[in-house]
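For this note's numbering, count along the sequence shown from 1 and bump the result up by 259.
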Amino acid sequence: MARWKNGKHRRKDGSWDPLKDSSTDKQTAEVIPRTPQSVSSSYTLAYVDDEFLCREELRPVRLQLELLKTEMILTERNIKSTVVMFGGARIPAPGQAAWAAKNDIQKKNLENASIYYEEARKFAQLCSAQAKKMDYHEYVVVTGGGPGVMEAGNRGASEVGAPSVGLNIVLPHEQAPNPYVTPELSFNFHYFAIRKMHFLMRAKAITIFPGGFGTLDELFETVTLIQTKRMAPIPLILFSRAFWEDIINFEALAAFGTIAPEDLDLFQFAETAEEAWKIIADFYDLNDETAP
């Protein structure tokens, strides 16, 4: 009876649970006598068997686990909404060399683009100032967790004492999380699809800084979801009109008829952190105490 009174049969949320928990059995299984039977892979508990979990047939389970792990941790931290920052991993901080440049032209362009690193950093600080007013439950900065613009976003939040999220993914390069991501909110993914879901599931605004294929993918996926009404219209802000209109002829798509003319209103342009934040603040009436 004493064991019941001290709470060992209750879960973290206070629910009564008289069944033995899986963590206890995991520890017990690790110290059982080693015999031909107990060391066989077939005897390993299924939920701690990495080889089993990585089998092709378990892909649906792994997809679910990647969705659940991040969702549960963000929910436990009471993070209700986010501001997402997409952008190039190869853009250096001001004064730093363009580590990814393959020739002199790329070096010049990338180093000139360091202005976007600085704007991303400032923008994250503005978002974090709003998040602070809401006990860091709303408008929390989220990036892809890597270098470049992503690093700038996490860095800006860190510099004002705010938490920020990094959604990294296993890649042959650029895969280590930047040092400014809040450690408890640093996640790693195998599946691009699940990572993309987590970018958008809590997003109140999305900013797209100059970037490459990955950034383009994130832009078009987001604008398509909004266009097809699979996602609520939220501020979708492209930094640097000159960059985006140079690489994508949005007007030509509308003129050709493959998008509707009003689809050009699904996104807006900004040149500075202050302009971008004003778009968000105006959209959500953030000067109003009843703002969502």
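Backbone N, C-alpha and C define an ideal beta-carbon position, used for all residues, glycine too.
query: Let me know the beta strand (DSSP E) ranges lying completely inside the stretch 419-495, each 3 residues or longer, listed in chain order.; result: 423-428, 445-448, 462-467
query: Ignore the nearest five residues each way along the sequence and tell me which others in Thr-329's own chain have a CB closer than 7 Å to its CB.; result: Phe-446, His-457
query: In terms of residues, what are the limits of the alpha helix (DSSP H) holding Met-331?; result: 318-335
query: Between which residues of its own chain and His-396 is the CB-CB distance below 7 Å, once the five residues before and five after are set aside?; result: Asn-337, Ile-338, Lys-339
query: Check each candidate in Thr-294, Leu-426, Val-482, Gly-405 and name the one with the smallest Cα separation from Phe-526.; result: Val-482
query: Count the other CB atoms, across all protein chains shown, that sit within 10 Å of the CB of Gly-405; report buried if there are 16 or more and exposed otherwise.; result: buried
query: Compare the beta carbon distance of Pro-469 and Gly-347 with 7 Å and say whether it is the shorter of the two.; result: yes
query: Let me know the secondary structure DSSP gives Ala-526 once reduced to three states.; result: The sequence given here has Phe at residue 526, not Ala. If DSSP states are grouped into helix, strand and coil, Phe-526 belongs with coil.
query: Quick check on this structure: which residue in Glu-370, Arg-500, Val-307 has the alpha carbon closest to the alpha carbon of Ile-350?; result: Glu-370
query: For Gly-473, tell me which candidate among Ala-491, Arg-454, Leu-484, Ile-485 has the shortest Cα-Cα distance.; result: Arg-454
query: Which two residues bound the contiguous alpha helix (DSSP H) that contains Thr-283?; result: 281-289
query: Just checking, does the stretch 300-319 make contact with the stretch 378-387 on the three C-beta pairs under 8 Å criterion?; result: no
query: With Thr-341 as the anchor, note down where its beta strand (DSSP E) starts and where it stops.; result: 341-345
query: Could you tell me the alpha carbon to alpha carbon distance between Ile-518 and Leu-512, rounded to whole angstroms?; result: 6 Å
query: Can you have a look at Lys-392 and say buried or exposed, based on whether 16 or more other CB atoms are within 10 angstroms of its CB?; result: exposed
query: Counting along the chain, where does the alpha helix (DSSP H) carrying Ser-373 start and finish?; result: 373-392
query: For the beta strand (DSSP E) that Thr-402 lies in, which residues bound it at each end?; result: 399-402
query: Pick from Arg-414, Val-343, Leu-326: whose alpha carbon is nearest that of Pro-436?; result: Arg-414
query: Bridge partners for Phe-498 per DSSP, in chain order?; result: Ala-529
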